[in-house]
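Comments concern the structure below.
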């Protein structure tokens, strides 16, 4: 049970959330709208109304809120993300006058946003607070666009607030064409008007009704192949959700949206018209993800030892290595007791604070058809010739392609990635920073193109604005992905013609900005390097006793 002090602290968070504090726990949403959590026996619905609700079901995207067997595996692992989930729980259960009506949870690809959304949805469902949920997934039928968003919400609402079922059915009976009209019109007719009638004609306390709406994967909404078209659809959906907050007198909505931090979404939440009713929290290192990842991986190994069908074939003390003790794999890490099992720590380190890698790694190891220790060995030694699409690496590669392919200008994106991966300044200290505009000019990229590129890559990297590298990758595996042509294909930063041009431009800039500024042009001291000596991987040249990292392929005779 929470103490009065902790409750007071949670109230303070709800009124003015601060990511350095705490949020809720886990489980899914019972098939999202599991009717066993709703008492409908006392709601009299005639056969005509039932027919109209069945008609509504025909226009509902059930897959958007219920994913059968896959749904449960996409929640937070028990015991992880407790700080985040407790904060969300507090916010959703706090009176509207003490909280914002809208919360946006954003974070990089693979940080665990969807797991948090599903976990808090289940918690709200068990408390009869969940009004509805919609999970967007690009390219997956109805889940890929917003055309069935309102009808799906209305159908869920009919079960989360049983008394409203005949009111929704009446609206459909009055105008059956509403099911083919715009989602804006559907919101008025199928959601707002039934709630208004319920508020006006019943003695229900609106504060006791289900009021939480959860939208996951907003950045994946939109089947339009045109980037502007997809972004426009996402912004229209935000406008639609925001309109609900204007009807807090009939229902004190708590609207929770999870997505990647796309620039157009950030701009919407920053608008003055929305800022008063919305709050943004970012899933970052504030929530100490490595501790949760370590716990998840440790507990997953213990579970495999106890229940895997082939556990009797596991080596003794697996996955511990010689010299490691059992207690290193049996307790939840704390500040005073850090698990030092090498295999676990290797997975934690490789995860870069993102849950996606350890989750797919452990799922790969846990396959009931294979021996876990052999699957683990397969991952740890990494087979470059492996073509299995279910390996953790293949799953990550698919996500990387999804983000990169969605960028508006592939040529600009490649230049920025190449400059960040193969810059010629990596191991020296520049006497002064090279102005960003000078670098962009050398790379033949406009400031507007650069800004747009960085915005589109936010789920993969953050901009450092440093001379030596534009980007800091959220996930260390991205660098390896970009260097391997077999994996990255058209996004390989070792593309010879492009790399030659980018590196030549960068080296010329380095010459102009650094050495010539100091009256020294060392390029003449280098013997011409012919193409026969070019090496695809970085080599090191010694310049007055200092090592300069640069790919030899970057040189051409004219650049020297």
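Numbering (full-length UniProt numbering), first residue to last: 1 to 560.
The beta-carbon is built from N, C-alpha and C at its ideal position, and this holds for glycine as well.
Predicted model only: the values in this text are computed from it and were never measured.
Meets three-Cβ-pair contact criterion under 8 Å: the segment 188-203 and the segment 231-238: By the Cβ criterion, the segment 188-203 is not in contact with the segment 231-238, since fewer than three pairs of Cβ atoms, one from each stretch, lie closer than 8 Å.
Whole alpha helix (DSSP H) elements within the segment 433-458, 4-residue minimum: Within the segment 433-458, the complete alpha helix (DSSP H) runs of at least 4 residues are 436-443 and 447-456.
Distance, residue 412 Cα to residue 449 Cα: Going by the C-alpha atoms only, they are around 7 Å apart.
Pick from 352, 138, 96 and 109 that is closest to residue 400, judged by C-alpha positions: For the set 352, 138, 96 and 109, the Cα lying nearest the Cα of residue 400 is the one of 109.
Residues that DSSP places opposite residue 132 in a beta bridge: Looking at the DSSP output, residue 132 bridges to 213.
Closest Cα partner of residue 210 within the set 131, 472 and 275: Taking only the C-alpha atoms, the option nearest residue 210 is 131.
One or two residues paired with residue 472 in a DSSP bridge: Looking at the DSSP assignment, residue 472 forms a beta bridge with 462.
Pair within 8 Å by beta-carbon distance, residue 251 and residue 195: The Cβ atoms of residue 251 and residue 195 lie closer than 8 Å to each other.
Burial state of residue 288, where buried means 16 or more other Cβ atoms lie within 10 Å: Within 10 angstroms of the beta-carbon of residue 288 lie fewer than 16 other beta-carbons, which makes it exposed.
Which residues DSSP lists as bridging residue 256, in chain order: According to DSSP, which records beta bridges pairwise, residue 256 is partnered with 103 and 214.
Whole-angstrom distance between residue 79 and residue 119, CA atom to CA atom: Their backbone Cα atoms lie some 12 Å apart in a straight line.
Simplified DSSP state of residue 483, which is helix, strand or coil: In this structure, residue 483 counts as helix in the three-state DSSP scheme.
C-beta atoms of residue 573 and residue 274 nearer than 8 Å: Lying before the first or after the last residue shown, residue 573 is absent from the chain, which here runs from 1 to 560.
Proximity below 8 Å, CB of residue 163 to CB of residue 53: The answer is no: Cβ separation not under 8 Å.
Residues of its chain near residue 316, where Cβ-Cβ distance is below 8 Å and the 5 sequence neighbours each way are ignored: Hits under 8 Å: none found.
Test item: CB-CB of residue 364 and residue 293 under 8 Å: Not a contact, by the Cβ cut-off of 8 Å.
Assigned secondary structure, residue 138 (DSSP; H/G/I helix, E/B strand, else coil): Coil, per DSSP.
Test item: CB-CB of residue 165 and residue 217 under 8 Å: Inclusion of residue 165 and residue 217 in the CB contact set at 8 Å is not warranted, their separation being larger than that value.
DSSP state of residue 280 mapped onto helix, strand, coil: Residue 280: strand per DSSP, three-state reduction.
Any 3 or more C-beta pairs closer than 8 Å across the segment 95-109 and the segment 171-182: Two segments are said to touch when three or more pairs of C-beta atoms, one from each, lie closer than 8 Å; by this definition the segment 95-109 does not touch the segment 171-182.
Buried versus exposed call for residue 229 [16 or more other C-beta atoms within 10 Å across all chains shown]: Under this definition residue 229 is an exposed residue.
Where residue 261 falls: helix, strand or coil (DSSP): Coil, per DSSP.
Three or more C-beta pairs below 8 Å linking the segment 141-152 and the segment 258-275: Look at the beta carbons and you see the segment 141-152 not touching the segment 258-275: under three pairs across the two are nearer than 8 Å.
Pair within 8 Å by beta-carbon distance, residue 257 and residue 104: Taking 8 Å as the cut-off, the Cβ atoms of residue 257 and residue 104 count as close.
Boundaries of the alpha helix (DSSP H) in which residue 306 is found, first to last residue: Taken as a continuous stretch (DSSP letters only), the alpha helix (DSSP H) holding residue 306 covers 289-307.
Short Cβ contact (8 Å threshold) for residue 115 with residue 88: Not in contact: residue 115 and residue 88 (Cβ atoms no closer than 8 Å).
Cβ neighbour criterion (16 or more within 10 Å) applied to residue 39: Confidence is the limiting factor: at residue 39 the pLDDT is only 34, short of 50, which leaves the residue's position unreliable and the question unanswerable from this model.
Three-state secondary structure (DSSP) of residue 61: Here residue 61 sits in coil by DSSP.
Outcome for residue 261 when other beta-carbon atoms lying within 10 angstroms are tallied against a minimum of 16: Burial is judged here by how many other beta carbons sit within 10 angstroms of a residue's own beta carbon; residue 261 has at least 16 and is buried.
Residue 220 - containing alpha helix (DSSP H), residue span: Taken as a continuous stretch (DSSP letters only), residue 220 belongs to no alpha helix (DSSP H), as it is neither H nor E.
Cβ-based burial, residue 372 [other Cβ within 10 Å; buried from 16]: With 16 or more neighbouring CB atoms inside 10 Å of its own CB, residue 372 falls in the buried class.
DSSP three-state assignment for residue 194, whether helix, strand or coil: Reduced to three states, the DSSP call for residue 194 is helix.
Where residue 219 falls, given that 16 or more other Cβ within 10 Å makes a residue buried: When all chains shown are included, residue 219 counts as buried.
Collapsed DSSP secondary structure at residue 242 in the structure displayed: The answer is helix: DSSP assigns residue 242 an H, G or I state.
Start-to-end residues for the alpha helix (DSSP H) that takes in residue 380: Start and end: 372-381.
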